[in-house]
Amino acid sequence: MNRLANEQSPYLLQHADNPVDWYPWGKEAFKKARELDRPIFLSIGYSTCHWCHVMEHESFEDDSVAKLLNEVSFRSK
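The sequence shown begins at 56 in the working numbering and counts up by one.
Here you go:
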């Protein structure tokens, strides 16, 4: 589980169990990205968007993709 579990958005809650270590968009995300000196990988979407679900399944639920994203970027939704 990542940092999206306490969010209110249905879209963000759909990604709360992804292996990608997501941060919700906001000041904490900017601060942490700056501290880590990493580029922000921003993903946006909508809970009923078909292609957002495809992207989640093909990329964000894949352990190897999540590992790469977690190592080289700061992830925010």
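Where a beta carbon is used, it is the ideal one built from N, C-alpha and C, also for glycine. Values in this document were obtained by computation on a predicted structure and should not be read as measured data.
At the 7 Å Cβ level, is residue 123 part of the contact set with chain D, yes or no?
Checking the listed chains, one finds no chain D in this structure; it contains a single protein chain.
For the candidate residues 125, 60, 64, 121, whose alpha-carbon lies nearest to that of residue 100?
To locate residue 100, count along the sequence shown from 1; it is residue 45. When each option's Cα is compared against that of residue 100, the closest is 64.
Does DSSP put residue 130 in a helix, in a strand, or in coil?
To locate residue 130, count along the sequence shown from 1; it is residue 75. Here residue 130 sits in strand by DSSP.
Please look up how many angstroms separate the CB atoms of residue 130 and residue 123, rounded, as I've assumed it's under 8 Å.
Residue numbering aside, residue 130 sits at position 75 when the sequence shown is read from its first letter. Residue numbering aside, residue 123 sits at position 68 when the sequence shown is read from its first letter. Actually they do not touch by this definition, with Cβ atoms about 11 Å apart.
Does the region 100 to 116 touch the region 80 to 89, meaning 3 or more C-beta pairs lie closer than 8 Å?
no
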